[in-house]
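Participant: Have a look at this one before I ask anything.
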Amino acid sequence: MTTDSEPKRRKVYVYPNNPRSISVFSVSGRHPLNVKPSGNSLLNDDIALTKVRDALLGAFASFPDELIQEVLSYVDDVESLRSLAHTSRIFYAFLYDEELWKKLYVKDITMYTHQPWLGSWRNTVLGIHDSADIQLQDNLLCSDVLYRPFQCSQINYAKVFTKILHEEETYHHDSLLGQLGKLPQGRILRINEADLSITDFNTNYHDTPFILTNSDPQRWPQWTFPQLIKEYSDVKFRQEAVEWDLNKFSQYLQNNKDENPLYLFDCNSIAMQTLRKEYTPPAIFQQDLFTVFTKEEQFTCRPDHAWLIMGSARSGSTFHKDPNYTCAWNVAITGRKLWIMLPPHITPPGVSTDDEESEVTSPVGIAEWVLSGFFNDSLKIAECVIGVTFPGECMYVPSGWWHSVINIDDSIAITQNFVPISKLANALDFLKNKQGQVSGFRPREINSTLHYLLKHGADEPSFQKYVDVFDSLNIDVNEDCGEIADLPAMPIFELFGYLLKLNGMESQLDEALVKLQKIELKAYEKENGKSKAWERLTEPASNSAFSFGFDESSDEE
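Following full-length UniProt numbering, the numbering of the sequence shown begins with 1 at its first residue and continues without gaps.
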């Protein structure tokens with residue numbers, strides 16, 4: 001339900017003077033039950049029709065649609081929802097909402113383990129292959145609450161972004177021919193993989209998004225949906241709230257009615273352990289300081305960092321920043337991806353955060369975000385950049401950058417998070433000063449690693465303190481620390497520094513710590529509106545009522 005703190009759903013509009021803006025007026029269609037958009041009610045002056053609607057809703061007739069939907073969301077058993085749907089045509093339409101049935105599916109997911117996908121969450125939960133959907137009389141039910149999700153499920157991004165896709169395809173082909181000309185403002189630069197050294201990357205390009213191209217068609221694995229489905233049909237993969245085998249997920253990909261289709265994002269399946277050996281990261285991304293969190297056969301406590309991604313057209317990810325202030329690379333294996341990116345200090349339109357960005361809220365899905373005009377709002381921001389990765393192209397995402405990804409086609413991709421030397425100070429700052437936002441580390445693995453290091457001579461008080469507290473709790477927790485409350489704070493910052501030294505990187509660490517001090521001073525000045533130097537200068541001396549802090553008896557300058 002929309003609240004005052006959330007962005008309101010707005011009419012779709014375009015900026016005719018903005019060459020990057022899009023028109024989505026063509027995104028429409030007839031609802032399967034003949035539900036109409038709310039605006040149609042303004043054209044309806046049939047009092048008899050209004051009386052019919054009120055009669056079919058009963059006591060709920062005086063409630064706004066958002067409240068009716070909210071009330072129905074608390075019904076948590078299948079039979080009650082089925083019975084409610086049969087009370088009237090209006091309730092049938094309200095209970096046609098896929099999100100209600102998806103919630104029930106996820107709640108009792110083991111019940112449906114062996115149930116094939118039947119085209120919708122509703123059909124799958126009810127075990128019906130098809131339903132004789134009723135047809136409402138014209139304008140009997142005019143509701144954006146019910147029509148909008150259907151409209152979002154019908155969006156065709158290939159048409160919505162026709163102009164952008166055409167231009168990006170030209171830039172893509174030019175890059176393959178070595179014709180890397182100057183791009184218009186707001187587009188993401190393409191760089192040939194062979195032309196970028198790791199030194200150049202760390203010096204000039206680590207702070208800006210770019211697309212890495214390669215003219216070798218065999219540079220990346222040539223995976224296809226049919227191939228992966230055939231080889232791993234019975235292997236379970238993680239798809240957000242569910243964990244299906246690939247055969248079932250393929251059924252879902254071919255036929256679903258979701259406003260926001262499921263996105264396969266897997267790092268730990270048996271298949272991924274094999275697939276990870278079939279590619280090599282670009283040389284400029286192989287310098288990864290987080291590798292120190294793993295020492296073969298001794299310990300491993302590194303957060304998950306390599307994923308296989310599969311999704312249908314219309315799927316994607318809403319705006320987010322990558323965890324632990326890591327950078328990322330993402331290569332498109334099949335399908336085109338549209339990227340919208342904003343620098344760390346600019347919160348994207350339609351997204352809200354607290355001051356520390358520990359809570360990020362994206363109250364609408366990708367399609368709703370586009371249809372509501374937030375995409376065009378983003379394009380008005382000078383620092384916003386967009387680009388499309390085509391198969392074989394690799395996107396670089398700098399640490400801290402906001403990014404949203406929209407799959408134009410059915411897509412397969414690989415992505416990894418990493419920390420290059422140029423971002424070491426930033427990563428240290430995050431681990432030290434934003435401990436509440438640190439994620440991916442698992443307490444049991446950290447405890448095991450610290451035990452190993454202490455046994456082998458580590459002299460770090462925070463290590464001993466943590467293992468003492470953790471061992472005394474007598475628990476065996478191995479979940480993501482970002483999802484656990486009331487556990488002792490893990491010394492990740494201290495551990496990272498210790499492991500860097502252990503791996504012969506003491507000088508690099510010392511340089512990064514100097515940079516970290518500057519980052520902290522700058523953050524202090526921003527938060528307090530004054531510098532620590534000025535505070536020291538204006539600090540009253542002990543022997544006078546007021547002073548700028550100068551001590552005439554001192555010989556120091």
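Every residue, glycine too, gets a C-beta built ideally from N, C-alpha and C.
Tell me whether Met111 is buried or exposed, calling it buried when 16 or more other Cβ atoms sit within 10 Å of its Cβ.
Facilitator: Residue mapping note: residue 111 aligns to position 111 of the sequence shown, counting from 1. Exposed is the call here.
Participant: Comparing the C-beta of Phe201 with each C-beta of chain D, is any distance below 9 Å?
Facilitator: In the displayed structure, chain D is absent; only one protein chain is listed.
Participant: Considering only residues of the segment 117-173, which uninterrupted alpha helix (DSSP H) runs meet the minimum length of 4 residues and lie entirely inside it, listed in chain order?
Facilitator: Entirely contained in the segment 117-173, the alpha helix (DSSP H) runs reaching 4 residues are, in chain order, 121-126, 144-153 and 157-160.
Participant: Quick one, are the C-beta atoms of Ile155 and Cys301 less than 9 Å apart?
Facilitator: In the sequence shown, the residue the question calls residue 155 occupies position 155. In the sequence shown, the residue the question calls residue 301 occupies position 301. Cβ atoms of Ile155 and Cys301: not closer than 9 Å.
Participant: Between which two residues does the beta strand (DSSP E) holding Met341 run?
Facilitator: Residue numbering aside, residue 341 sits at position 341 when the sequence shown is read from its first letter. Start and end: Lys337 to Leu342.
Participant: Ser411 and Ala306 - do their beta-carbons sit closer together than 9 Å?
Facilitator: Mapped onto the sequence shown, residue 306 falls at position 306. Mapped onto the sequence shown, residue 411 falls at position 411. It is not a contact, given that the beta carbons lie outside the stated cut-off.
Participant: Under a three-way DSSP split, which group does Thr415 fall into?
Facilitator: Sequence index remark: in the sequence shown, residue 415 carries index 415 (1-based). Thr415: strand per DSSP, three-state reduction.
Participant: Lys423 and Cys327 look like a contact to me (Cβ under 8 Å); what is the Cβ gap, rounded to whole Å?
Facilitator: Taking the sequence shown and counting its residues from 1, one reaches residue 423 at position 423. Taking the sequence shown and counting its residues from 1, one reaches residue 327 at position 327. Lys423 to Cys327, Cβ: 6 Å. Contact.
Participant: When the distance is taken between beta carbons, is Lys103 closer than 9 Å to residue 602?
Facilitator: This structure does not reach residue 602, given that the chain is present from 1 up to 557, and the question cannot be answered.
Participant: Spatial neighbours of Leu56 within its chain, please: C-beta separation below 7 Å, excluding the five flanking residues on both sides.
Facilitator: In the sequence shown, the residue the question calls residue 56 occupies position 56. The residues are Ser88, Arg89 and Ile90.
Participant: Have a look at Ala382, Lys337 and Glu520 and flag the residue whose alpha-carbon is nearest the alpha-carbon of Pro343.
Facilitator: Residue 343 sits at position 343 when you count from the first residue of the sequence shown. Of Ala382, Lys337 and Glu520, the residue nearest in Cα terms is Ala382.
Participant: Spatial neighbours of Ile270 within its chain, please: C-beta separation below 6 Å, excluding the five flanking residues on both sides.
Facilitator: The residue given as residue 270 occupies position 270 in the sequence shown. So the qualifying residues of the chain are Val235.
Participant: Would you call Thr415 buried or exposed, if buried means 16 or more other Cβ atoms sit within 10 Å of its Cβ?
Facilitator: On the sequence shown, position 415 is the one that residue 415 refers to. It counts as buried.
Participant: When the distance is taken between beta carbons, is Ser462 closer than 9 Å to Ala427?
Facilitator: The residue given as residue 427 occupies position 427 in the sequence shown. The residue given as residue 462 occupies position 462 in the sequence shown. Result no, Cβ atoms of Ala427 and Ser462 do not sit closer than 9 Å.
Participant: Going by beta-carbon coordinates alone, are Gly186 and Val419 separated by less than 9 Å?
Facilitator: As a first step, residue 186 is located in the sequence shown; it is residue number 186 there, counting from the start. As a first step, residue 419 is located in the sequence shown; it is residue number 419 there, counting from the start. Going by C-beta atoms, Gly186 is not nearer than 9 Å to Val419.
Participant: Going by DSSP in three states, Ser362 sits in which element: helix, strand or coil?
Facilitator: Working through the sequence shown from its first residue, we reach residue 362 at position 362. If DSSP states are grouped into helix, strand and coil, Ser362 belongs with coil.
Participant: Just to confirm, are Leu454 and Val467 a CB contact at a threshold of 9 Å?
Facilitator: For the purposes of this step, residue 454 is identified with residue 454 of the sequence shown, where counting begins at 1. For the purposes of this step, residue 467 is identified with residue 467 of the sequence shown, where counting begins at 1. Cβ distance < 9 Å, so Leu454 and Val467 count as in contact.
Participant: Under the rule that 16 or more other beta-carbon atoms within 10 Å means buried, what is Leu516, buried or exposed?
Facilitator: In the sequence shown, residue 516 corresponds to position 516, counting from 1. When all chains shown are included, Leu516 counts as buried.
Participant: How about Ile408 and Ile366: do their beta carbons lie closer than 9 Å?
Facilitator: The residue given as residue 408 occupies position 408 in the sequence shown. The residue given as residue 366 occupies position 366 in the sequence shown. No; because the gap between Cβ atoms is not below 9 Å, this pair is not in contact.
Participant: Tell me where the beta strand (DSSP E) around Asp266 begins and ends.
Facilitator: Residue 266 sits at position 266 when you count from the first residue of the sequence shown. First-last of the beta strand (DSSP E) with Asp266: Tyr263 to Asp266.
Participant: In the DSSP assignment, the beta strand (DSSP E) including Val397 goes from what residue to what residue?
Facilitator: The residue given as residue 397 occupies position 397 in the sequence shown. Per DSSP, Val397 belongs to the beta strand (DSSP E) from Cys394 to Val397.
Participant: Please classify Lys182: is it buried, with 16 or more other beta-carbons within 10 angstroms of its beta-carbon, or exposed?
Facilitator: For the purposes of this step, residue 182 is taken as the residue at position 182 of the sequence shown. Under this definition Lys182 is an exposed residue.
Participant: For Phe237, which beta-bridge partners are listed by DSSP?
Facilitator: On the sequence shown, position 237 is the one that residue 237 refers to. Phe237 pairs with Trp244.
Participant: Quick one: grab the DSSP three-state call for Ile386.
Facilitator: The count along the sequence shown starts at 1 and reaches residue 386 at position 386. Reduced to three states, the DSSP call for Ile386 is strand.
Participant: Residues in its own chain within less than 7 Å of Lys501 by CB, not counting five upstream and five downstream?
Facilitator: Against the sequence shown, residue 501 aligns to sequence position 501. Closer than 7 Å at the Cβ level, and outside the excluded window around Lys501, lie Leu509.
Participant: According to DSSP, is Lys295 helix, strand or coil?
Facilitator: One-based indexing of the sequence shown puts residue 295 at position 295. In the structure shown, Lys295 sits in a strand (DSSP, three-state: E or B).
Participant: Figure out for me which residue from Tyr96, Pro348 and Gly387 has the closest Cα to the Cα of Asp377.
Facilitator: By 1-based counting over the sequence shown, the position of residue 377 is 377. The shortest C-alpha separation from Asp377 is found at Pro348.
Participant: Quick check on the DSSP output: the alpha helix (DSSP H) that includes His403 runs from which residue to which?
Facilitator: Position 403 of the sequence shown, counted from the first residue, corresponds to residue 403. Unbroken run through His403 is the beta strand (DSSP E), Trp402 to Asn407; no alpha helix (DSSP H).
Participant: Please report the residue range of the beta strand (DSSP E) in which Trp220 lies.
Facilitator: The residue labelled residue 220 in the question sits at position 220 within the sequence shown. Neither: Trp220 is in no beta strand (DSSP E) and is coded neither H nor E.
Participant: Here's the rule I'm using: 16 or more other beta-carbon atoms within 10 Å means buried, otherwise exposed. How should Asn256 be labelled?
Facilitator: As a working note, residue 256 is residue 256 in the sequence shown. Flag for Asn256 reads buried.
Participant: Would you say Thr389 and Lys337 are within 9 Å of each other, going by their C-beta atoms?
Facilitator: Working through the sequence shown from its first residue, we reach residue 389 at position 389. Working through the sequence shown from its first residue, we reach residue 337 at position 337. Yes, these two residues count as a Cβ contact at 9 Å.
Participant: Mind checking Val160: buried by the 16 CB within 10 Å criterion, or exposed?
Facilitator: Against the sequence shown, residue 160 aligns to sequence position 160. Answer is buried; the Cβ neighbour count reaches 16.
Participant: Where Thr361 and Thr353 are concerned, what is the direct C-alpha to C-alpha distance, given to the nearest angstrom?
Facilitator: For the purposes of this step, residue 361 is taken as residue 361 along the sequence shown, with counting starting at 1. For the purposes of this step, residue 353 is taken as residue 353 along the sequence shown, with counting starting at 1. Taking the straight line from one Cα to the other gives about 6 Å.
Participant: So within the segment 464-537, which uninterrupted alpha helix (DSSP H) runs reach at least 4 residues, ignoring any that extend past its ends?
Facilitator: Runs found: 492-502, 506-528 and 532-537.
Participant: Pull up the CB-CB distance for Ile47 and Phe60, whole angstroms please, since I reckon it's below 8 Å.
Facilitator: In the sequence shown, counting from the first residue as 1, residue 47 sits at position 47. In the sequence shown, counting from the first residue as 1, residue 60 sits at position 60. Contact flag wrong, Cβ pair sits at about 19 Å.
Participant: Could you pull out every residue in the same chain whose Cβ sits closer than 6 Å to the Cβ of Asp97, ignoring the five residues on either side in sequence?
Facilitator: On the sequence shown, residue 97 is found 97 positions in, with the first residue counted as 1. There are no such residues.
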